[in-house]
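When you read off a place in the sequence shown, starting at 1, and then add 46, the result is the number in the working numbering.
We put the CB at the ideal spot given by N, CA and C, even for glycine.
Quick caveat, the model's predicted, so the values are computed rather than measured.
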Amino acid sequence: MDLTLGGKNFLKTKKPFALILNGKISESKPPKNSTPWAGADNNEKEAAATLKIGTIQLPTPIMNFRSSAEYLSWYINCIPLAGRKVLCTDQSGRACLFDADTCKVDTLPSLHKPKCLPYSIFIPSADDKDDHDDNSNGGGSVYIMDTCLNHIPRDNIQLSSQFEAFVYRRSTLTSFTKSWQCQRLPPPPFVCDPKYKHASPHKITSYAVVDGGSHICISVDGAGTYCLDTVKHTWIQIGEWTLPFIGKVEYVPELKLWFGICANDWKQFGAADLSTILSTMDSQPQLVGSWKELEAPQEWTEMQHPHLVNLGSGRFCVARFYHSWTPTAGLFGSDLGELFFTVLTGTDVVQCVVHDGNGTGNASCNDSCNNPYGSNGKVELRMIKHNSKCHMSYGTDGNIKHGDTVSRNVTF
Numbered sequence: 047m048d049l050t051l052g053g054k055n056f057l058k059t060k061k062p063f064a065l066i067l068n069g070k071i072s073e074s075k076p077p078k079n080s081t082p083w084a085g086a087d088n089n090e091k092e093a094a095a096t097l098k099i100g101t102i103q104l105p106t107p108i109m110n111f112r113s114s115a116e117y118l119s120w121y122i123n124c125i126p127l128a129g130r131k132v133l134c135t136d137q138s139g140r141a142c143l144f145d146a147d148t149c150k151v152d153t154l155p156s157l158h159k160p161k162c163l164p165y166s167i168f169i170p171s172a173d174d175k176d177d178h179d180d181n182s183n184g185g186g187s188v189y190i191m192d193t194c195l196n197h198i199p200r201d202n203i204q205l206s207s208q209f210e211a212f213v214y215r216r217s218t219l220t221s222f223t224k225s226w227q228c229q230r231l232p233p234p235p236f237v238c239d240p241k242y243k244h245a246s247p248h249k250i251t252s253y254a255v256v257d258g259g260s261h262i263c264i265s266v267d268g269a270g271t272y273c274l275d276t277v278k279h280t281w282i283q284i285g286e287w288t289l290p291f292i293g294k295v296e297y298v299p300e301l302k303l304w305f306g307i308c309a310n311d312w313k314q315f316g317a318a319d320l321s322t323i324l325s326t327m328d329s330q331p332q333l334v335g336s337w338k339e340l341e342a343p344q345e346w347t348e349m350q351h352p353h354l355v356n357l358g359s360g361r362f363c364v365a366r367f368y369h370s371w372t373p374t375a376g377l378f379g380s381d382l383g384e385l386f387f388t389v390l391t392g393t394d395v396v397q398c399v400v401h402d403g404n405g406t407g408n409a410s411c412n413d414s415c416n417n418p419y420g421s422n423g424k425v426e427l428r429m430i431k432h433n434s435k436c437h438m439s440y441g442t443d444g445n446i447k448h449g450d451t452v453s454r455n456v457t458f
């Protein structure tokens with residue numbers, strides 16, 4: 047289990063190895079000097095035809111987690127916290143906290159209800175930054191919510207096991223030490239609305255932290271967008287619309303923008319300004335820019351929506367999960383073999399000043415939110431495309447799976 051992406055050269059332009067896909071072998075020609083990417087539509091077919099991707103091998107795991115089987119079913123959800131700490135929950139709701147630096151594992155209170163493939167958000171606590179508590183295990187709060195929300199009768203509106211939080215705090219006012227506590231939270235108001243009683247479970251399509259961590263924003267298919275006050279644990283609806291993203295939305299303070307996979311086109315990731323989302327409730331946020339970091343061949347089928355991993359300072363790793371067929375030698379001639387693989391692409395989003403004002407002339411790019419070039423010219427966002435790396439997967443869902451020998455084992 048490796049908890050860092052920084053050592054994988056996604057943000058460099060070294061020449062990668064050849065990769066066999068669709069029966070062809072090709073070598074990749076990296077972008078020269080990491081120039082800003084501008085893939086025109088008429089070049090998409092040519093770009094896909096000449097796509098060359100290096101391969102990547104995952105490092106040997108330092109820890110293996112295994113849950114106890116229950117009714118012939120088991121799974122583990124891994125939720126990143128601060129630093130190299132990971133919170134793990136299994137199909138029974140049992141939880142533990144793993145520190146990759148020390149290989150230490152601590153047990154946590156169980157969830158009130160198990161959650162399969164939940165959405166999660168970690169919000170650091172400002173108090174813990176000042177406490178200098180060596181045992182804080184990351185501090186803050188971890189919010190865990192079911193991907194699909196079911197109707198709840200109005201008389202049960204107080205708390206719901208569909209939305210829970212692990213909070214690092216003192217268990218009582220007289221306690222001297224802090225520990226992780228698990229608590230249920232009130233559901234968003236539409237969950238108890240009678241008009242949704244006979245509707246199918248509503249899926250959370252996107253979620254983000256806004257207003258400096260004071261609110262969690264979720265968009266729900268068919269129900270609109272809601273915000274949870276992380277202190278008062280109260281909900282408000284901010285619109286009938288949904289955010290223009292799919293999945294987790296990441297905030298980049300250097301650019302003062304939120305980034306995520308575009309809801310209307312999974313092949314692109316984009317940026318929007320959510321800073322006024324609580325004060326302009328009737329206005330749906332609009333994308334201020336969108337980019338396609340990978341021109342994939344038509345033969346590649348995406349198995350699930352991609353993930354955008356925030357590496358900090360406008361740097362991202364985009365993970366895409368594909369399936370394809372490739373010719374193989376069989377007993378009776380040519381045959382087709384299945385390939386499941388993950389493509390990881392490193393990108394930078396930077397501010398550029400376009401000096402001729404029409405977006406087609408010379409541009410000076412900088413990775414700072416300040417404009418060092420003066421007030422002349424129009425400031426634009428541009429994407430710098432770096433390396434793409436491919437990992438062959440064994441799972442039919444395209445997820446990265448690894449079978450190397452491990453050095454330690456932990457069973458729930």
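- Three or more beta-carbon pairs separated by less than 8 Å are not found between the stretch 315-323 and the stretch 340-350, which leaves the two stretches without contact.
- The Cβ atoms of Glu348 and Phe362 lie no closer than 8 Å to each other.
- Per DSSP, the unbroken beta strand (DSSP E) holding Glu426 starts and ends at 424-438.
- For Val213, the enclosing beta strand (DSSP E) starts and ends at 206-216.
- Note on geometry: alpha-carbon atoms of Pro105 and Thr388 lie some 16 Å from one another.
- Between the beta-carbon of Lys131 and that of Leu143 there is about 6 Å, and that keeps the pair under the 8 Å contact cut.
- DSSP places Asp136 in the uninterrupted beta strand (DSSP E) bounded by 131-136.
- Between Ser187 and Phe212 the beta-carbon gap is near 7 Å, inside 8 Å, which marks them as a contact.
- The Cβ atoms of Pro290 and Pro331 sit closer than 8 Å to each other.
- Contact between Thr135 and Ala128 is absent: CB atoms are separated by about 18 Å, not below the 8 Å threshold.
- DSSP links Thr153 through a beta bridge to Cys142.
- For Asp275, the enclosing beta strand (DSSP E) starts and ends at 270-275.
- Residue pairing for Ser359: DSSP places it in no beta bridge.
- If you check the CB distance, Gly392 and Asn356 do not come in under 8 Å.
- Thr148 sits exposed, since fewer than 16 C-beta atoms from the chains shown fall within 10 Å of its C-beta.
- Across the structure, Ser217 and Gln227 are spaced so that their CA atoms are roughly 7 Å apart.
- By the criterion of at least three beta-carbon pairs nearer than 8 Å, the stretch 252-268 is in contact with the stretch 277-294.
- DSSP places Lys161 in no beta strand (DSSP E); its state is neither H nor E.
- Within the same chain, Phe291, Ile292, Gly293, Phe315, His351, Pro352, Leu354 come within 7 Å of Ile307 by CB-CB distance, once the 5 residues on both sides are set aside.
- In the three-state DSSP reduction, Gly335 falls in the strand class (E or B).
- DSSP, read as helix, strand or coil, puts Tyr242 in helix.
- Between Asp275 and His261, the C-beta spacing is below 8 Å.
- Between Lys241 and the set Asp145, Trp337, Leu157, Pro199, the nearest pair of CA atoms involves Pro199.
- Of Ala309, Thr280, Leu427, Ser166, the smallest CA-CA separation from Asp394 is found for Leu427.
- Here the alpha carbons of His248 and Pro170 stand approximately 28 Å from one another.
- DSSP places Gln229 inside the beta strand (DSSP E), whose first and last residues are 224-231.
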